[in-house]
Amino acid sequence: MMILLTNDDGIQAPGLWALYRLLSPEHRVVVVAPERERSAVSHGITLHKPLRASKIAVNGGYEGWAINGTPVDCIKLSMVELLETPPDLVISGINPGANVGVNLNYSGTVAAAREAALYGVTAIAISTQGKQHPLYEEAARFVARLIPQLQDKGLPGGVFLNVNMPNVTLDQAAGVCFSRQGCDLYDEYFEKRHDPRNRLYYWQGYEGQPAYTHQDADGAMLEKGYITITPVRCDMTDYDLLEKLRGWQVDGG
């Protein structure tokens, strides 16, 4: 199987290479990742400056393509230019810090998997709950266990999996939960500060976890110690409302 690895933390990120080390003995693995951290860029692409792809040696001699763009740029450039044939699987991660709930809208990790799904390629976004001392090897082991299921059962077109790991070993996890995406907002704030020239600026932050409306949502189940797997659709159409809208009397003339 040919696997394309990418992320939003940059080509030097340890989570990326934890996947590479575990998967490369059994699969052909290609790394195409941003040259630097590009977290929270969502589905952004580069339009107004050249994209450059540099093949570099990383982490004791491993090779990968470093791109001066976004995670989605990495997928697009891989599909159109860098790879002779499309990969069988794209894995985006391993991200330090969970990507659950509303964060799916902002995450570059998730966006790379979404872009792969738009190209018709099976894709996974994988993140760990803990940012302090994340257990990348454990997350990589879980991805390796998931791959045979993907090979056997596949995914519908335009759908990818968003996977989040609690920061524990696999045998300490409460189990695997196939969960919905939560939509609860974090308690956000902006701290006002002044620069050395006394100009006002703002620094965004948030307090803790949201109060989950649905206890079966991805974030709530992750907090309970479960590995969460959420199927995410690229098609954002609300089909129930679409049928109702067709009954509206709207004059387009």
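Heads up: the sequence shown is residues -12 to 240, going by the numbering used here. Beta carbons: idealized from backbone N, C-alpha and C, even for Gly.
| query | Which whole-angstrom value describes the C-beta separation of residue -7 and residue 99, a residue pair presumed to lie in contact below a C-beta threshold of 8 Å? | reply | 5 Å
| Coarse secondary structure for residue 96, derived from DSSP in three states | Of the three classes helix, strand and coil, the one that applies to residue 96 here is helix, per DSSP.
| field | Contacts around residue 198, its chain only, beta-carbon distance under 7 Å, and the 5 residues preceding and following it disregarded | value | 171
| request: Tell me whether residue 65 sits in a helix, a strand or coil according to DSSP, three-state version. | output: helix
| message | residue 204 and residue 272 - do their beta-carbons sit closer together than 9 Å? | response | Missing from the structure shown is residue 272; the chain here goes from -12 to 240 and no further.
| said: Taking the straight line between their C-alpha atoms, what separation do you get for residue 148 and residue 103? | reply: Taking C-alpha positions only, residue 148 is separated from residue 103 by approximately 11 Å.
| task | Under 8 Å by Cβ, that's how I've got residue 196 and residue 210 pegged, so tell me the actual separation to the nearest angstrom. | result | 6 Å
| query | Among all the DSSP beta bridges, which residues are the ones paired with residue 79? | reply | DSSP lists -7, 112 as partners of residue 79.
| query | Using the beta-carbon count (16 or more within 10 Å), is residue 43 buried or exposed? | reply | exposed
| field | Host beta strand (DSSP E) of residue 172 (start-end) | value | Here residue 172 belongs to no beta strand (DSSP E), and DSSP marks it neither H nor E.
| task | Pick helix, strand or coil for residue 140, following the three-state DSSP scheme. | result | helix
| task | Note down, one range per segment and in chain order, each beta strand (DSSP E) of at least 3 residues found wholly within the stretch 177 to 206. | result | 187 to 194
| query | Applying the criterion that 16 or more other CB atoms from any shown protein chain within 10 Å of the CB defines a buried residue, is residue 230 buried or exposed? | reply | exposed
| query | How is the beta strand (DSSP E) around residue 167 delimited, first residue to last? | reply | In the DSSP annotation of this structure, residue 167 is not part of any beta strand (DSSP E), being labelled neither H nor E.
| Looking at C-beta atoms only, is the number of pairs between the stretch 118 to 136 and the stretch 49 to 57 that lie closer than 8 Å three or more? | no
| query | residue 81: which of 74, 58, 63 sits nearest, CA to CA? | reply | The shortest CA-to-CA distance from residue 81 to any of 74, 58, 63 is the one to 58.
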